[in-house]
Amino acid sequence: MTQHEHTSVSRRSFLHATGAVALAGAFGPLLAACGSNTGRGASDSQTIQQWYHAYGEPGVQQAVQRYAKDFSDNAGKSKVTVQWNPGDYDSKLSTSLLSGGGPDVFESTLQLSMVRSGQVVPLDDVIAPAKDDFTATILAGHTVDGKIYGVPQAVDMQMLFYRKSLLDKAGVKPPTTVDELIDAAKRLTTDKVKGLFAGNDGGVGVLGGPALWSVGLDYVTPEHKVGFDDPAAATALGKLRELNTSGALLLGAVKDWSEPDAFTQGLAAMQWTGLWAVPAVQKALGDDFGVLPWPKLTDAGKPSVPVGAYGSMVNAKSQHIDEAKAFVKWLWIDHTDYQQDFNTGYGFHIPPRKSLADKADKLKSGPAADAVKFVQQSAKSSNPPEWTQAMSTAYLDAVAKVVRQGSDAATELRTAAGKVTDELKRLYG
Amino acid sequence: MTGVPGSTVPGSTEPGSTEPKPRRGKKAQGGKGRGNARAFWLFVGPFAVGLAVFAYLPIGWSVLLSFFDARDTVTPTRFVGLDNYLHMLTEGPFLASLGTFSLFALFIVPTTFVLSLALALLVNQIGFARAFFRSVFFLPTACSYVVASLVWKLSIFNGVRFGLANTVLGWFGVDNIAWTASTDPPWYWLVLVTLRLWLQLGFYMILFIAGLQRIPRHLYEAAWIDGARPGWQTFRHITLPQLRATSVAVLLLNLIAAYQAFDEFYNVLSTARGYPPFARPPLVYLYYTALGQGGQDFGRGSAGAVILAALIAIVTLLQGKVFGFARRSD
Numbered sequence: 048m049t050q051h052e053h054t055s056v057s058r059r060s061f062l063h064a065t066g067a068v069a070l071a072g073a074f075g076p077l078l079a080a081c082g083s084n085t086g087r088g089a090s091d092s093q094t095i096q097q098w099y100h101a102y103g104e105p106g107v108q109q110a111v112q113r114y115a116k117d118f119s120d121n122a123g124k125s126k127v128t129v130q131w132n133p134g135d136y137d138s139k140l141s142t143s144l145l146s147g148g149g150p151d152v153f154e155s156t157l158q159l160s161m162v163r164s165g166q167v168v169p170l171d172d173v174i175a176p177a178k179d180d181f182t183a184t185i186l187a188g189h190t191v192d193g194k195i196y197g198v199p200q201a202v203d204m205q206m207l208f209y210r211k212s213l214l215d216k217a218g219v220k221p222p223t224t225v226d227e228l229i230d231a232a233k234r235l236t237t238d239k240v241k242g243l244f245a246g247n248d249g250g251v252g253v254l255g256g257p258a259l260w261s262v263g264l265d266y267v268t269p270e271h272k273v274g275f276d277d278p279a280a281a282t283a284l285g286k287l288r289e290l291n292t293s294g295a296l297l298l299g300a301v302k303d304w305s306e307p308d309a310f311t312q313g314l315a316a317m318q319w320t321g322l323w324a325v326p327a328v329q330k331a332l333g334d335d336f337g338v339l340p341w342p343k344l345t346d347a348g349k350p351s352v353p354v355g356a357y358g359s360m361v362n363a364k365s366q367h368i369d370e371a372k373a374f375v376k377w378l379w380i381d382h383t384d385y386q387q388d389f390n391t392g393y394g395f396h397i398p399p400r401k402s403l404a405d406k407a408d409k410l411k412s413g414p415a416a417d418a419v420k421f422v423q424q425s426a427k428s429s430n431p432p433e434w435t436q437a438m439s440t441a442y443l444d445a446v447a448k449v450v451r452q453g454s455d456a457a458t459e460l461r462t463a464a465g466k467v468t469d470e471l472k473r474l475y476g
Numbered sequence: 515m516t517g518v519p520g521s522t523v524p525g526s527t528e529p530g531s532t533e534p535k536p537r538r539g540k541k542a543q544g545g546k547g548r549g550n551a552r553a554f555w556l557f558v559g560p561f562a563v564g565l566a567v568f569a570y571l572p573i574g575w576s577v578l579l580s581f582f583d584a585r586d587t588v589t590p591t592r593f594v595g596l597d598n599y600l601h602m603l604t605e606g607p608f609l610a611s612l613g614t615f616s617l618f619a620l621f622i623v624p625t626t627f628v629l630s631l632a633l634a635l636l637v638n639q640i641g642f643a644r645a646f647f648r649s650v651f652f653l654p655t656a657c658s659y660v661v662a663s664l665v666w667k668l669s670i671f672n673g674v675r676f677g678l679a680n681t682v683l684g685w686f687g688v689d690n691i692a693w694t695a696s697t698d699p700p701w702y703w704l705v706l707v708t709l710r711l712w713l714q715l716g717f718y719m720i721l722f723i724a725g726l727q728r729i730p731r732h733l734y735e736a737a738w739i740d741g742a743r744p745g746w747q748t749f750r751h752i753t754l755p756q757l758r759a760t761s762v763a764v765l766l767l768n769l770i771a772a773y774q775a776f777d778e779f780y781n782v783l784s785t786a787r788g789y790p791p792f793a794r795p796p797l798v799y800l801y802y803t804a805l806g807q808g809g810q811d812f813g814r815g816s817a818g819a820v821i822l823a824a825l826i827a828i829v830t831l832l833q834g835k836v837f838g839f840a841r842r843s844d
């Protein structure tokens, strides 16, 4: 996921969640029965609840409330209330979808398990009028078995930022291979500045995917088989290990990789973060920075940028599915002005619709324009629907053990591959 | 929590008081008995209902789930018997985390015990400003684990040059250390252990102070008359045996807390992408299995929770057997 993520959960809220889950399981049907009897006719005045995670950029919350109010006042038969969800949004959302409650409309990445357990409804009819206008790779991330379950709202992409002046001073060219990148990171490291920052976990979380892509592999093959049970994957992780032991990697920064602070404060000469950070970096450094995709390692691989998009989805257990779908169509298909505002009015995101991306002036120059080009040439889905949490955990455990603790890459990857295979068998038979 | 014989309630601070407090309970005496019963249910009822609904029902449900294939559902239909238990108990991350935290408990329980007892003895001996020192050491207990974790992670032990620990080390010419991110050597243990000690010592210190103040003064006087020297000899033969009930309680609570570690570990080491495979408490692993970020395997998560609960119960019972927490202290 490329959105700004928040993770703090106390034991208490954890227990609340488990308790709520168990309770909802027990009383869910009962509560649902109460909830539907509002004493009103179903068609004249309904309330649709919409959930967002807490976007970090100021103004987004007011913007989405404005869109919802416009729909409530002028367009729809129902009133839309927006709930803003700080904290661990993904867990909160999946728990509430599971319990049969939750919002009518929400933003999320698509997970295969959501489709398999009937938590979301297909939106092919909603998206039909504009389907060809959406970038195909983005739409693919919201498609399972040929059906579309989410209308992409905004595209987020990750890339490598580098400080031009520091590279010049060290006599380093912007790297085009992983080996050049490691070499550059070492040469850029001084007693005050580290060469590269890729997260406080040494890049385990964000570079696990790019490492595979750099040698031409992937998480899962199109035939639903494990994609990384290959000696080249071990080589790729070996390079991340090399980075971690080189002393050129910044670790323990106050803000993690998704915020550009380490880069703008001059703690690292290069940082892995995302397009959304461009306005903040521009403000701090002016023109003194450039952007790159994660480079290739071998000739089998290609440069890559992880790309993901939250899509607007409709809860299959909603009492007002038709109205919810109408709202999604109104906001994310019909109202292109709002989509434009949402994507470029606050932080930088790429509009998922080609016609809007072409009109986005803020993305037409400088590093933002490079980012758009990278997405067109080298986009890789950062969280494909078939890459489930269990698979991701197994793979990231392997990456962490190799990269941070120096375990044997081939052994760890084989262990992870076994778990991923089990999970794929469960999902695809 | 397990009942502890001999009051260790932080409130009982009468020095030298050996009088047991009058026991509260039902004294059935005719009509008054019925009123008492009604009052009993009036006061206990809401709490009992809450407990049943929010604690016992979820626990029961969880035990039920542990025998089913409950992925992405809490109303499963496919019974799998002991498969979830077998899965959790075969070699893998859950067993690894149980192993790690057994080691952690072996280290942190005695350390907390010794340090909090030492603090209690010091604060109890001190002649002036005793209340002040007692409060100062107890205050961290009132601090939220999450807040303390963030202070430790972001302010004291961050890895950049302006972190507090690195600034101090910098005065002596030591290079910056990435405290929470460094795995060789594993500095994150230093961060986690100091954090846990800071948060917990005060609480156990208060328990010990309460215990110390219940030791009758005349025992010491008798010992001195018999020629015992103050210091180690009286501590070894009077203070420590008299603290048996408190000690057992402290050990017990400490041990349970060690296995239930979650808050500070999660807040210090997790990133948006999950939790690293080292220093991963069993509860954190279960959280990611059952709830975290969409991994909804409630069957295996529940099985792990049952295993963990059983383990805590067994270790507690063993400990009780060894130290005899059912025996009276005097």
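Chains R and V are the protein sequences, given in the same order. So the first sequence is numbered by my numbering: it starts at 48 and just counts up by one. So the second sequence is numbered by my numbering: it starts at 515 and just counts up by one. Glycine included, C-beta positions come from ideal geometry on N, C-alpha and C.
Excluding five sequence positions before and after Gly218 of chain R, the CB atoms of its chain that fall closer than 8 Å to its own CB belong to Arg234, given in chain order.
The shortest CA-to-CA distance from Trp738 of chain V to any of V:Gln727, V:Thr589, V:Arg728 and V:Ile752 is the one to V:Ile752.
With a contact defined as Cβ atoms closer than 8 Å, His601 of chain V and Arg794 of chain V miss out at about 17 Å. Going by C-alpha positions, Asp120 of chain R is about 9 Å away from Val127 of chain R. Taking 7 Å as the cut-off between beta carbons, the residues of the region 759-788 of chain V near chain R are Phe776, Asp777, Tyr780, Asn781, Ser784, Thr785, Ala786, Arg787 and Gly788, in sequence order. Every alpha helix (DSSP H) stretch that sits fully inside the region 106-156 of chain R and reaches 4 residues is listed by chain position as 107-117 and 136-145. In terms of Cα proximity to Thr655 of chain V, the closest of V:Thr694, V:Gly716 and V:Thr626 is V:Gly716. Boundaries of the beta strand (DSSP E) harbouring Tyr209 of chain R: Val198 to Tyr209, taken from the DSSP string. When C-alpha distances from Lys124 of chain R are compared across R:Leu145, R:Val352 and R:Thr94, the shortest belongs to R:Thr94. DSSP, read as helix, strand or coil, puts Leu298 of chain R in coil. Contact check for Gly355 of chain R and Gly246 of chain R: beta-carbon distance about 16 Å, past the 8 Å limit, so the pair fails to qualify. In the structure shown, the three-state DSSP call for Gln366 of chain R is coil. In the three-state reduction of the DSSP assignment, Arg552 of chain V falls in the helix class, which pools H, G and I.
By the CB criterion at 9 Å, Val173 of chain R and Lys401 of chain R fall outside the cutoff. Judged by beta-carbon spacing, Arg210 of chain R lies within the 9 Å limit of Asp335 of chain R, meaning their Cβ atoms are closer than that value.
Taking all protein chains shown into account, Leu831 of chain V has fewer than 16 neighbouring C-beta atoms within 10 Å of its C-beta and is therefore exposed. Sequence-distant partners of Ala437 of chain R (beyond 5 residues in either direction) whose C-beta falls short of 6 Å from its own C-beta, in its chain, are Glu470. A check of alpha carbon separations from Leu765 of chain V across V:Leu653, V:Gly641 and V:Phe837 identifies V:Phe837 as the nearest. Our two residues, Thr391 of chain R and Trp377 of chain R, have alpha carbons roughly 19 Å apart in a direct line. Shown here for Lys241 of chain R: same chain residues with a beta carbon closer than 7 Å to its own, the five before and five after excluded, namely Ala295, Leu296, Leu297, Leu314 and Ala315 in chain order. Straight-line measurement puts the Cα of Glu370 of chain R at about 45 Å from the Cα of Ala775 of chain V. Taking a Cβ-Cβ threshold of 7 Å, the residues of chain V close to Gln452 of chain R are Thr697 and Phe792, in chain order. In its chain, beyond the 5 residues on either side, Gly815, Gly818 and Ala819 have a beta carbon closer than 7 Å to the beta carbon of Leu800 of chain V. Using beta-carbon distances, Gln747 of chain V does not count as an interface residue toward chain R, since no partner is under 9 Å. Taking the C-beta atoms as reference points, Leu339 of chain R is found no nearer than 9 Å to Leu443 of chain R. If you draw a straight line from the Cα of Lys178 of chain R to the Cα of Leu228 of chain R, it comes to about 39 Å. For chain R, the residues of the region 596-615 of chain V that bring a beta carbon within less than 8 Å of one of its beta carbons are Pro607, in chain order.
Interface annotation, Phe671 of chain V: in contact with chain R, CB-CB separation under 9 Å.
Beta-bridge annotation (DSSP): Asp303 of chain R is not paired with any residue. A Cβ-Cβ separation of about 6 Å places Val152 of chain R in contact with Ser359 of chain R under the 8 Å criterion.
Relative to Thr156 of chain R, the option among R:Asp455, R:Val450, R:Glu433 and R:Ala457 whose CA is nearest is R:Glu433. Among the bridge pairs identified by DSSP, Ala356 of chain R is matched with R:Val202. Leu668 of chain V places its beta carbon less than 9 Å from that of Val301 of chain R. Nearest CB-CB separation between Ile691 of chain V and chain R: below the 9 Å threshold. Per DSSP, Leu314 of chain R lies in no beta strand (DSSP E) segment and is marked neither H nor E. In the pairwise beta carbon analysis, the region 766-773 of chain V is classified as not touching the region 781-790 of chain V: fewer than three pairs are separated by under 8 Å.
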